[in-house]
Amino acid sequence: MNMKTEGTPEPDIARDATYYRAPEALRERVNAQLKDMARAERGPAMGRWMALAASFVAVSFVSWNAALMTASSRDGQIENQVLAAHVRSLMVPGHFVDVESTDQHTVKPWFAGKIDFAPPVRDLAADGYPLTGGRLDYIDGRRVAALTYKIRLHPVNVFVWPDAAAADSAPKMETVKGHSIAHWTRDGMRYWAVTDAGPQEISRFAELMAAG
Amino acid sequence: MSRHSDFSRSVMPHLDAAYNLARWLTRNDHDAEDVVQDAMIRAYRFFDSLREADARPWLLTIVRNTSYSWLQKNRPSDVVPIDDTSTLSADVVTIGHASPMETNPEVILLQSANRKLVNQALDDIPVGYREVLVMRELEDLSYKEIASIAGIPIGTVMSRLSRGRDLLRAALEQRMRKAS
Chain R
0 MNMKTEGTPE PDIARDATYY RAPEALRERV NAQLKDMARA ERGPAMGRWM ALAASFVAVS
60 FVSWNAALMT ASSRDGQIEN QVLAAHVRSL MVPGHFVDVE STDQHTVKPW FAGKIDFAPP
120 VRDLAADGYP LTGGRLDYID GRRVAALTYK IRLHPVNVFV WPDAAAADSA PKMETVKGHS
180 IAHWTRDGMR YWAVTDAGPQ EISRFAELMA AG
Chain B
0 MSRHSDFSRS VMPHLDAAYN LARWLTRNDH DAEDVVQDAM IRAYRFFDSL READARPWLL
60 TIVRNTSYSW LQKNRPSDVV PIDDTSTLSA DVVTIGHASP METNPEVILL QSANRKLVNQ
120 ALDDIPVGYR EVLVMRELED LSYKEIASIA GIPIGTVMSR LSRGRDLLRA ALEQRMRKAS
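So the sequence lines, in the order shown, correspond to chains R and B. For what it's worth, numbering that gives the first Met the number 0 labels the leading residue of the first sequence as 0, then goes sequentially. For what it's worth, numbering that gives the first Met the number 0 labels the leading residue of the second sequence as 0, then goes sequentially.
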């Protein structure tokens, strides 16, 4: 420490403060966790490509309209990403939510500064679909908000991101590999909800969410 | 090359930097480990968003966000907003008055090599100043990198560094007075 003329000690942080190094146990835990995640990724990734290939084949058979084909296959691609993200969120323990709250006024501000849009967070507890929290995810090449709800005991992921060009559309329902998926567009936001609850349940949930 | 091996090669070498920042932000070994583990999972998820050659600032941005989320949830009182506009450093006053000429031999003895006191003093100052000092002095990051990681303008980085040093000096004096 140097002494300033007025007697104030001048701490030298670089010399005197501790540089904390990662404990070996932490390094091992992180490596193990990464290995698990890499393994989990390889499984769904195969399925994703197969499903994507299948959706291309199906679409090219039924569609006469090239523009429609592009839109549908893009939806198919998103659908597979949404499903994979949902499965992954439940696979890694403790990573379904990053902000855990049933309060929309806690969940919504949590996203501020993490993404460049404010996801509309709706409270559907009175309708039997409590909000459980939120986290960030990655769909269609961008950061998206993932809002988490419950339909009875079934976790629901609602992925939300802005798409200014998209016109409002009513919820469309699909069932993929035992999962129910609903997607709709409202006020320039795209919504994809996915759960392993039944199609009727997701349908009612989606109608309530989209009713805004 | 798999995603996993790419990640191990480009991100894992910065685990010490990740831990050091998390440890200084949470001020606790156990919490820092939790935060880093969580941050590494996020980093792996968002690995595709890494564009730069140097993964360190990118990883530290994630570690910082994770640390702040953790603090907001577990110790919200730690996260005090900083008023960068005020010219008078009011925070200095709350931490302790700069003492007049210190001639006490015990104090001078303590000053010789007291890492413990410097560590404690750095822990004493608000997290917004602590983080820029740690990133600058211990991580040797540029002003530009710190600005990007903390999401503040470069001018603010410089003013926080300067005020952070004042605060640290005041906190250190107070620690020394207590110790003597």
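Cβ atoms here follow ideal geometry from the backbone N, Cα and C, with glycine treated the same way.
Asked                                                                                                           : Found
Nearest neighbour of residue 104 of chain R, chosen from R:15, R:133, R:26 and R:36 [CA to CA]                  : R:133
Short-range partners of chain B found in the segment 13 to 34 of chain R, where Cβ spacing is below 9 Å         : 13, 14, 15, 16, 17, 18, 19, 20, 21, 22, 24, 25, 26, 28, 29, 30, 32, 33 and 34
C-beta neighbour in chain R for residue 40 of chain B, strict 8 Å                                               : yes
Closer than 7 Å at the beta carbon, the chain R residues around residue 128 of chain B                          : The contacting residues do not exist; residue 128 of chain B stays about 12 Å from chain R at best.
Proximity test, Cβ basis, 8 Å: residue 29 of chain B and chain R                                                : no
Of the listed residues R:189, R:197 and R:174, nearest to residue 162 of chain R (C-alpha basis)                : R:189
Members of the segment 101 to 118 of chain R that neighbour chain B once the beta carbon cut-off is set at 8 Å  : 109, 112 and 113
Under 8 Å between C-beta atoms of residue 167 of chain B and residue 116 of chain B                             : no
CB contact below 8 Å: residue 49 of chain B versus chain R                                                      : no
Simplified DSSP state of residue 129 of chain B, which is helix, strand or coil                                 : helix
Where residue 43 of chain B meets chain R, residues with beta-carbon distance less than 7 Å                     : 33 and 36
Residue 33 of chain R and residue 6 of chain B closer than 8 Å at C-beta                                        : yes
DSSP bridge partner residues for residue 145 of chain R (one or two, in chain order)                            : R:134 and R:158
Backbone secondary structure at residue 79 of chain B - three-state DSSP                                        : coil
DSSP three-state assignment for residue 34 of chain B, whether helix, strand or coil                            : helix
Residue 86 of chain R - DSSP class collapsed to helix/strand/coil                                               : helix
Chain R contact for residue 136 of chain B (CB, 8 Å cutoff)                                                     : yes
Residue 3 of chain R, DSSP secondary structure in three states                                                  : In this prediction, residue 3 of chain R scores a pLDDT of 43, lower than 50, which makes its location untrustworthy; no coordinate-derived value is stated.
Near-chain R residues of the segment 150 to 166 of chain B - C-beta to any C-beta below 9 Å                     : 150 and 164
Residue 20 of chain B versus B:114, B:149, B:53 and B:3, residue with shortest Cα-Cα distance                   : B:149
For residue 74 of chain R and residue 184 of chain R, the rounded distance between their alpha carbons          : 12 Å
Reference residue 125 of chain R, options R:148, R:138 and R:41, closest by Cα                                  : R:148
Proximal residues to residue 8 of chain B (C-beta, below 8 Å), its chain only, five neighbours per side dropped : none
is_contact[residue 89 of chain B, chain R] using C-beta, thresh 8 Å                                             : Bear in mind that a pLDDT of 47 at residue 89 of chain B, under 50, signals an unreliable position, so the number given afterwards is only what the model happens to contain. No, its Cβ sits nowhere closer than 8 Å to a Cβ of chain R.
CA-to-CA distance, residue 210 of chain R to residue 55 of chain B, given in whole angstroms                    : 44 Å
Residues bridged to residue 171 of chain R (per DSSP)                                                           : R:182
C-beta contact flag for residue 90 of chain R and residue 39 of chain R at 8 Å                                  : yes
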